[in-house]
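Using the working numbering, the first residue of the sequence shown is number 15, and each one after it goes up by one.
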Amino acid sequence: MSSLRQNLDRRRDMSADLSSMRAGGPATVADIIDRVLDKGLVINADIAVSLASVELLSIRIRAVLASLDAAARYGLQLPAGSNLDTDAWKQAVVLKENCPQCGKRSAQDELLSDGCPWCGWVSAKAKRLVPAA
15 MSSLRQNLDR RRDMSADLSS MRAGGPATVA DIIDRVLDKG LVINADIAVS
65 LASVELLSIR IRAVLASLDA AARYGLQLPA GSNLDTDAWK QAVVLKENCP
115 QCGKRSAQDE LLSDGCPWCG WVSAKAKRLV PAA
């Protein structure tokens with residue numbers, strides 16, 4: 015019963031987090047999908063049907079919904095036969111960081127050496143690497 019209460023508390027916390035994401039306004043469907051794919055969503059369910067202390071039926075459900083980036087970040091195990099040599103997977107395992115100016119995610123190495131490709135922000139390290147004209 016305590017695990018059910020903990021799950022309900024987590025669900026309430028996530029709901030409050032999602033509704034407060036847009037600076038006081040309600041969260042849109044796009045905000046919710048972006049948040050779920052970025053953080054990942056795991057569903058664990060164990061169902062047992064017993065009669066006179068004899069388990070008649072047992073069902074275990076394990077489901078994960080996450081982007082390739084989140085799967086790589088958390089080290090999720092992919093189904094057997096998954097091809098990890100694809101360009102998409104190689105891009106997903108690259109360390110990414112949020113730009114301090116615009117907040118969009120880019121490769122960490124690119125942010126530090128070249129700057130943000132989205133807004134043009136340049137890191138202190140990149141400024142040092144550029145020769146003075």
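From the three backbone atoms N, C-alpha and C, an ideal C-beta is built for every residue, glycine too.
Nearest candidate by alpha-carbon position, reference residue i, set the options
i: Ala77; options: Asn58, Thr100, Ala94; result: Asn58
i: Val108; options: Gly117, Ile61, Ala85, Gln91; result: Ala85
i: Pro114; options: Val63, Asp45, Ala62, Leu126; result: Leu126
i: Lys139; options: Asp128, Cys133, Trp132; result: Asp128
i: Ala121; options: Lys110, Pro131, Cys130; result: Lys110
i: Trp103; options: Ile75, Cys116, Asn112, Arg87; result: Arg87
i: Asp48; options: Thr100, Glu69, Arg119; result: Arg119
i: Arg74; options: Val63, Thr42, Gly117; result: Val63
i: Arg60; options: Val68, Ser72, Ala66; result: At residue 60 the sequence reads Asp, which differs from the Arg that was named. The candidate whose alpha carbon is nearest that of Asp60 is Ser72.
i: Cys133; options: Gly117, Leu98, Asp123, Leu143; result: Gly117
Residue i, enclosing alpha helix (DSSP H) - first and last residue
i: Lys139; result: 138 to 143
i: Ala94; result: Where Ala94 is concerned, there is no enclosing alpha helix (DSSP H), given that its DSSP letter is neither H nor E.
i: Trp103; result: 101 to 106
Bridge-paired residues (DSSP) for residue i
i: Glu111; result: Ser120
i: Val43; result: Paired residues: none, contrary to the question.
i: Ser64; result: Glu69
i: Ala59; result: Ile75
Exercise. With contact counted as at least three CB pairs below 8 Å, one residue from each stretch, are the region 39 to 58 and the region 79 to 93 in contact?
Worked result: The answer is yes - the region 79 to 93 touches the region 39 to 58, with three or more Cβ pairs under 8 Å.
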